[in-house]
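Participant: Below is the structure I would like to discuss, written out as structure tokens.
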Amino acid sequence: MVCWGFSQVRINDTKSITSSLEILDLVQNESSLILGTSGGLSTYDIGANKFSTFTNDQGLEDVEIKKLFIDFNNLLWIGFQNKIQVWDLENERSIALFNLGIQSVIGFVDFNGVTYSAVKKNDVWGLMEFLQVDEKIY
Numbered sequence: 057m058v059c060w061g062f063s064q065v066r067i068n069d070t071k072s073i074t075s076s077l078e079i080l081d082l083v084q085n086e087s088s089l090i091l092g093t094s095g096g097l098s099t100y101d102i103g104a105n106k107f108s109t110f111t112n113d114q115g116l117e118d119v120e121i122k123k124l125f126i127d128f129n130n131l132l133w134i135g136f137q138n139k140i141q142v143w144d145l146e147n148e149r150s151i152a153l154f155n156l157g158i159q160s161v162i163g164f165v166d167f168n169g170v171t172y173s174a175v176k177k178n179d180v181w182g183l184m185e186f187l188q189v190d191e192k193i194y
């Protein structure tokens with residue numbers, strides 16, 4: 057079990073206070089643990105022994121993260137309740153946002169260079185396909 061806390065030292069030290077105590081999903085790449093929490097995204101750089109937290113202030117579309125996935129290009133796919141955001145872990149920024157009338161996101165998978173997401177839309181469960189072409193995602 058992984059638990060830790062972040063807090064303000066002084067009033068106005070941060071723009072947002074995140075709840076990183078409730079971890080909803082966890083993934084790992086070669087250098088970091090990435091945690092989806094009910095208060096945003098937290099990363100732990102294993103080599104540097106350093107935590108970072110990302111919320112709306114740093115470009116996350118939402119903070120209630122339901123699902124995380126790292127694709128074949130080391131991009132982080134973030135599933136929120138009703139949208140999907142793609143995050144560049146290396147540059148710590150959003151590179152795509154998909155708000156396609158999704159009701160729920162429950163998972164991701166790569167197959168032959170294509171990323172699929174299991175989603176509920178119009179009360180029907182299915183797969184959404186996302187293609188990466190020339191650094192763009194469709």
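Per this note's numbering, the sequence shown runs over residues 57 to 194. Virtual Cβ for every residue (Gly too), placed ideally from N, Cα, C. In this text, all values refer to a predicted model and were calculated from it rather than measured experimentally.
(1) Return the CA-CA distance between D69 and T109, expressed in angstroms with no decimal places.
(2) Can you grab the Cα-Cα spacing for the pair A152 / N138, in whole Å?
(3) In the structure shown, what three-state DSSP assignment does D101 receive?
(4) Report, in whole angstroms, the separation of the C-beta atoms of I140 and L124, which I expect to be a contact under 8 Å.
(5) Kindly indicate which three-state DSSP category Q137 falls into: helix, strand or coil?
(6) Which of helix, strand or coil does DSSP assign to D190?
(7) Roughly how far, in whole angstroms, is the beta-carbon of G115 from the beta-carbon of S87, given that I think they are within contact range, below 8 Å?
Facilitator: This is what the structure gives:
(1) By one-based count along the sequence shown, residue 69 stands at place 13. By one-based count along the sequence shown, residue 109 stands at place 53. Model confidence at D69 stands at a pLDDT of 49, short of 50, so the residue's coordinates are unreliable and nothing is read from them.
(2) Here residue 152 refers to the residue found at position 96 of the sequence shown. Here residue 138 refers to the residue found at position 82 of the sequence shown. Taking the straight line joining both Cα atoms gives about 15 Å.
(3) Position 45 of the sequence shown, counting from 1, holds the residue named residue 101. Note: D101 maps to strand in three-state DSSP.
(4) Translated into the one-based positions of the sequence shown, residue 140 becomes position 84. Translated into the one-based positions of the sequence shown, residue 124 becomes position 68. Not quite, the Cβ-Cβ distance comes to about 11 Å (not below 8 Å), so this is no contact.
(5) Here residue 137 corresponds to residue number 81 of the sequence shown, with the count starting at 1. The answer is coil: DSSP assigns Q137 none of H, G, I, E or B.
(6) Your numbering for residue 190 matches position 134 in the sequence shown. It is coil, neither helix nor strand.
(7) Taking the sequence shown and counting its residues from 1, the one referred to as residue 115 is at position 59. Taking the sequence shown and counting its residues from 1, the one referred to as residue 87 is at position 31. Going by Cβ atoms, the distance from G115 to S87 rounds to 21 Å, so no, they are not a contact pair.
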